[in-house]
Every structure is written in structure tokens, then in C-alpha cells.
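Take the sequence shown: its letter number 38 is residue 38 in full-length UniProt numbering, and every next letter is one higher.
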Amino acid sequence: MLRNQRKRFIIYKTLDSQKAFDVVNHQILLDKLYYLGVDIEYWDAIEDMYNSVTSTVKWQGDTGLSFSIDQGVSEILSSHLYKHYINELLSELEAHNMGISIGNTYAGCPSCADDIVYCYQTTKTKCKKCSAQCDNIIEFKSETTHLGLKRTTSEETKININDRISLARRTLDSLIKTGVHGTNGLNPRTSCKIYQVYVIPRLLYGLETLNLQNKDIIALCSFHLSTLKHIQSLPNRTATSAVYLLLGALPITAELHKRQLSFLHSIAMSHNNSIREIAWRQHTAVKLKADCDEKSTLKLLSKRNLNIGQTHNVWDTISNSVKDVRKATTKVRMLTGTYMLQTLKVKFNQAEVDPTYPICKLKAEDLQHLLTSCPAYRHIRKSHFQQIKEYVVSKIGSRVWTNNFNNKMAITELLIDCQSLLKGTFSQMTK
Numbered sequence: 001m002l003r004n005q006r007k008r009f010i011i012y013k014t015l016d017s018q019k020a021f022d023v024v025n026h027q028i029l030l031d032k033l034y035y036l037g038v039d040i041e042y043w044d045a046i047e048d049m050y051n052s053v054t055s056t057v058k059w060q061g062d063t064g065l066s067f068s069i070d071q072g073v074s075e076i077l078s079s080h081l082y083k084h085y086i087n088e089l090l091s092e093l094e095a096h097n098m099g100i101s102i103g104n105t106y107a108g109c110p111s112c113a114d115d116i117v118y119c120y121q122t123t124k125t126k127c128k129k130c131s132a133q134c135d136n137i138i139e140f141k142s143e144t145t146h147l148g149l150k151r152t153t154s155e156e157t158k159i160n161i162n163d164r165i166s167l168a169r170r171t172l173d174s175l176i177k178t179g180v181h182g183t184n185g186l187n188p189r190t191s192c193k194i195y196q197v198y199v200i201p202r203l204l205y206g207l208e209t210l211n212l213q214n215k216d217i218i219a220l221c222s223f224h225l226s227t228l229k230h231i232q233s234l235p236n237r238t239a240t241s242a243v244y245l246l247l248g249a250l251p252i253t254a255e256l257h258k259r260q261l262s263f264l265h266s267i268a269m270s271h272n273n274s275i276r277e278i279a280w281r282q283h284t285a286v287k288l289k290a291d292c293d294e295k296s297t298l299k300l301l302s303k304r305n306l307n308i309g310q311t312h313n314v315w316d317t318i319s320n321s322v323k324d325v326r327k328a329t330t331k332v333r334m335l336t337g338t339y340m341l342q343t344l345k346v347k348f349n350q351a352e353v354d355p356t357y358p359i360c361k362l363k364a365e366d367l368q369h370l371l372t373s374c375p376a377y378r379h380i381r382k383s384h385f386q387q388i389k390e391y392v393v394s395k396i397g398s399r400v401w402t403n404n405f406n407n408k409m410a411i412t413e414l415l416i417d418c419q420s421l422l423k424g425t426f427s428q429m430t431k
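This is the structure we're talking about:
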């Protein structure tokens with residue numbers, strides 16, 4: 001029982017036919033489709049699906065005699081076929097003007113396959129007692145479930161948000177065995193794809209129909225962001241924009257906006273109002289890149305090739321081996337400014353931490369010193385850096401190398417993310 005804006009009671013009853021798809025008679029269904037005027041080719045295809053269908057019972061290794069199946073629909077078309085099967089009931093409800101009207105517009109009884117909502121207003125509908133079934137009284141309830149969503153008299157959005165997040169978390173936990181987790185799991189690019197396919201649809205199911213408040217959006221964003229950080233083994237202090245752009249993932253608000261726009265389009269049924277996919281991608285990417293430019297921790301992260309739907313090269317160039325994932329995780333932390341160095345520890349505890357690198361004890365420990373100057377790693381740096389230099393010189397020439405890589409900061413940028421150098425004279429350099 002709900003109140004509308006005029007404080008009038010609107011009573012509705014959700015009806016869900018038990019085992020509805022299982023009781024659909026094949027012959028009656030085919031007759032209804034024939035009289036409905038379904039194209040003969042489609043009718044033949046549906047008839048072939050249900051013609052001469054048999055089943056057997058297997059028990060303790062023995063198989064019984066086969067028997068024919070004359071009812072039930074279980075294919076992907078089940079909901080559409082059931083609509084035609086039950087259409088006479090909906091027509092009868094409309095013919096008797098049963099249901100609810102909004103002004104002079106008849107709204108009827110909303111239905112989806114075997115789920116029907118019967119609504120009536122107490123001031124407009126006269127209750128008629130048809131029959132009594134024993135002494136059981138139908139009680140008014142403040143909560144019911146329709147099409148997977150909770151319908152309540154109060155806090156409907158909060159209840160559904162909590163249910164969606166709980167379901168998404170259980171789904172994510174069930175995927176742990178497949179390797180969808182942090183350092184010791186699959187390539188984060190693969191894990192993100194699995195998360196987008198299996199978890200996000202369950203997380204956002206039906207939410208485009210609800211009036212979400214800011215606190216609801218925050219709860220969804222918190223779950224989404226923490227999941228993407230966990231997949232990439234990034235600490236909580238990592239900049240949000242980098243977490244999204246490294247995987248080419250959309251914020252949860254953008255995912256929700258996609259579903260809201262799709263829902264609006266399905267209602268309006270107007271091709272002129274369709275939203276192109278490239279529009280929301282560009283809009284979101286521009287906002288995230290602008291946020292990246294404002295973060296001092298992301299100064300070494302190139303924004304050149306960061307786009308929605310495209311993962312960063314650091315994830316594209318590794319396999320699913322644990323060794324590669326661990327190496328890439330270390331580099332991602334360097335890219336996002338979250339790799340724990342002595343200079344970073346000083347920011348959090350200036351009184352007790354010495355910024356000097358404890359191994360060489362010569363200079364403050366930062367990425368530039370660690371990668372280009374520290375004598376403790378000279379033997380490692382010498383073998384690998386020579387190969388990198390030879391490859392770059394073969395692409396841009398020794399003259400360009402001498403003019404542009406004459407300082408250690410340029411070398412650091414080359415080692416961390418060479419995409420920042422892919423412009424002007426460095427346009428010939430590859431990823």
C-alpha cells in the first residue's frame with residue numbers, strides 16, 4: 001500500500017505465476033503464434049524446437065523409458081513466448097478497465113512475462129467480494145519483491161542499494177578461485193573484463209529506475225573503486241583517476257548513466273534521442289585526464305594514450321603469470337606515485353624518518369636517484385639500460401638522443417612511461 005502525491009492510497013498486488021514457463025502447452029502456443037500472424041519461417045523454427053521433444057529419467061546408473069514433453073519453454077525466448085501465451089489475460093484486464101489510470105490515461109496492470117502488478121485506487125475502485133478461501137486473510141505488507149527489486153513504503157532506495165552491493169560482493173567472492181584478485185591472480189586487464197561482465201550487471205540491475213541520492217552513489221562508488229584497486233594491487237591512497245585510466249574502466253556513475261540513458265531511450269522510442277557511445281566515452285575521459293593533470297603524484301604518468309575502453313600498456317604487455325603481474329604492479333605504483341620511497345615516508349612522518357636512501361646513503365631516495373644514479377644498482381642498470389638506449393637510438397637517431405636525453409629526469413621518464421615522449425621529434429618511437 002502506497003500513498004501518491006495527493007496522499008491517496010494506491011494498493012497494488014504483485015502476481016507471479018508459479019512455474020509459469022513450465023505449464024505452457026506447446027500446441028496451444030503454436031496455435032496462438034499462428035493466429036497472431038508470425039512469419040512462417042519463424043513459426044517453423046519455433047515448431048522445430050518443440051517438435052518430438054523427449055526426456056528420460058536417470059537413476060543410479062539406469063535410464064528409464066523415454067517420454068514426450070508437451071509443455072514448458074526454457075529457451076532464451078521463453079519470456080517473449082509467454083507474453084503471447086498470456087496475452088489474452090492482459091487484454092481482458094484492459095477490456096474491463098481493471099488497473100490504474102493516471103488522469104484520463106489508462107495505465108492498466110504493468111506486466112513482464114509472468115510477473116503482473118494489479119493496481120487500484122481505493123477512491124476509484126469498488127471492492128467486490130467474489131469468493132472466500134477458508135479463513136485466510138490477505139494482509140497488507142509494506143514490502144514486496146517485483147522483477148528482482150524491493151518495493152517498500154519507505155527507504156526503498158537504501159534497501160535496494162544494500163542488496164545490490166551485497167549480491168555483487170558475493171559474486172566477486174565466487175570468482176576468487178578463477179584468479180580474479182590481486183598480485184597472485186590473473187592479469188588485471190583480464191580480471192577487469194571478468195568484473196565488468198559478471199559483477200557490474202548484478203551491481204547495477206534495476207537501479208536506473210530508482211531515484212538515487214548522493215549517499216547511494218557514494219556507496220556504489222566506494223565498492224567499485226575498492227574493487228579496481230584490489231584487482232591492480234594498488235594501495236588506498238592511489239589517485240582515483242589513475243585507478244580508472246590504467247584499466248580504461250568507467251566510474252560507476254558513468255556505468256549507471258549508460259543504463260539510465262538506455263532506459264530513457266527505450267521509453268521514448270525515438271531514434272533522434274539516441275546517445276552515441278563515443279560521446280560519453282570522450283566526456284568521461286576528458287574529465288578524468290583533467291583530474292590527472294591536477295595530481296602531483298601522477299607527473300610521470302603520460303595522459304597521451306589514456307582512454308576509456310583501452311587499458312594502459314603496462315597491463316597490455318604482460319602475461320597472466322604471477323611474476324609478470326608482480327613486476328607490473330611495482331611499475332604501476334611508480335606511475336601513480338604510490339611506490340613507497342624514503343621521500344614519501346618523510347611526508348607522513350617528518351620527525352622520525354631520514355629521506356636518505358639507506359642502501360647507498362648518498363642522496364634522498366626518489367625515483368630519479370633509484371633508477372638512474374644509485375651506485376648499489378649500477379651493475380643491473382648497466383646491462384638493461386644499454387639495450388634500451390640502443391633500441392631508442394635505432395628509432396630516433398643518435399643526434400636526437402644526445403639533444404634530448406642529456407639529463408637524468410628525461411631518462412627517468414623514458415624508463416617509467418615513454419609515452420610522454422611520443423610527440424614531436426619522438427613520434428617515431430614505439431610503445
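For each residue, glycine too, the CB sits at the ideal point set by N, CA and C.
None of these values were measured; they are calculated from a predicted model.
Helix, strand or coil: which one does DSSP assign to residue i?
i, result
"glutamate 151", "Note on residue identity: the sequence assigns arginine, not glutamate, to residue 151. Reduced to three states, the DSSP call for arginine 151 is strand."
"glutamine 310", "strand"
"phenylalanine 405", "coil"
"residue 432", "Here the chain has residues from 1 to 431 only, and residue 432 is not among them."
"lysine 58", "strand"
"glutamate 365", "coil"
"glutamate 143", "strand"
"threonine 356", "strand"
"threonine 253", "helix"
"glutamine 213", "coil"
"aspartate 417", "coil"
"threonine 343", "helix"
"histidine 96", "coil"
"aspartate 39", "coil"
"threonine 412", "helix"
"proline 188", "helix"
"alanine 45", "helix"
"methionine 429", "Below a pLDDT of 50, predicted positions are generally treated as unreliable, and methionine 429, at 47, falls in that range; the measurement from the model is reported next regardless. Three-state result, methionine 429: coil."
"histidine 181", "coil"
"arginine 326", "helix"
"valine 243", "helix"
"cysteine 374", "coil"
"threonine 284", "helix"
"asparagine 236", "coil"
"isoleucine 275", "In this prediction, isoleucine 275 has a pLDDT of 45, which is less than 50 and means its spatial position is unreliable; what the coordinates show is noted afterwards. Three-state DSSP puts isoleucine 275 in coil, outside helix and strand."
"lysine 32", "helix"
Among the residues of its own chain, which have a CB less than 7 Å from the CB of residue i, if the five just before and after it don't count?
i, result
"aspartate 366", "Leu341 and Thr343"
"isoleucine 252", "Leu220, Cys221 and His224"
"serine 226", "none"
"histidine 26", "Tyr50, Asp70 and Gln71"
"alanine 410", "Asn404"
Is the beta carbon of residue j closer than 8 Å to that of residue i?
i, j, result
"threonine 311", "arginine 189", "yes"
"threonine 152", "glutamine 213", "no"
"isoleucine 176", "aspartate 216", "no"
"leucine 335", "aspartate 417", "yes"
"histidine 230", "glycine 182", "yes"
"valine 53", "serine 68", "yes"
"valine 332", "leucine 234", "yes"
"leucine 210", "glutamate 255", "no"
"lysine 295", "alanine 239", "yes"
"tryptophan 43", "tyrosine 50", "no"
"leucine 186", "alanine 242", "no"
"valine 322", "asparagine 184", "yes"
"leucine 245", "glutamine 232", "no"
Using a Cβ-Cβ cut-off of 6 Å (strictly less than) and excluding sequence neighbours within five positions of residue i, which residues of its own chain qualify?
i, result
"leucine 371", "Thr412 and Leu415"
"isoleucine 46", "none"
"valine 199", "Ala168, Thr171 and Leu172"
"cysteine 374", "Cys360"
"glutamate 155", "none"
Pull the bridge partners of residue i from the DSSP assignment, please.
i, result
"glutamine 71", "Asn25"
"threonine 63", "Lys58"
Once you ignore the five residues that flank residue i on each side, which residues in its own chain have a CB closer than 8 Å to its CB?
i, result
"arginine 202", "Arg164, Leu167, Ala168 and Thr171"
"leucine 300", "Met334, Leu335, Gly337, Leu367, Thr412, Glu413, Ile416, Asp417 and Ser420"
"leucine 30", "Trp43, Ile46, Glu47 and Tyr50"
"isoleucine 388", "Leu414 and Leu415"
For residue i, decide whether its Cβ has a neighbour in chain D, counting only Cβ atoms nearer than 8 Å.
i, result
"glycine 185", "No chain D is part of this structure, which consists of one protein chain only."
Original post:
Should the stretch 246-263 be regarded as contacting the stretch 319-327, the criterion being three or more beta carbon pairs within less than 8 Å?
Top reply: no
Original post:
Three or more beta-carbon pairs under 8 Å between the stretch 286-293 and the stretch 314-325, yes or no?
Top reply: At 8 Å Cβ cutoff, the stretches do not touch.
Subject >> Touch test, the stretch 400-407 against the stretch 353-364, Cβ-Cβ under 8 Å, three pairs minimum >> reply: no
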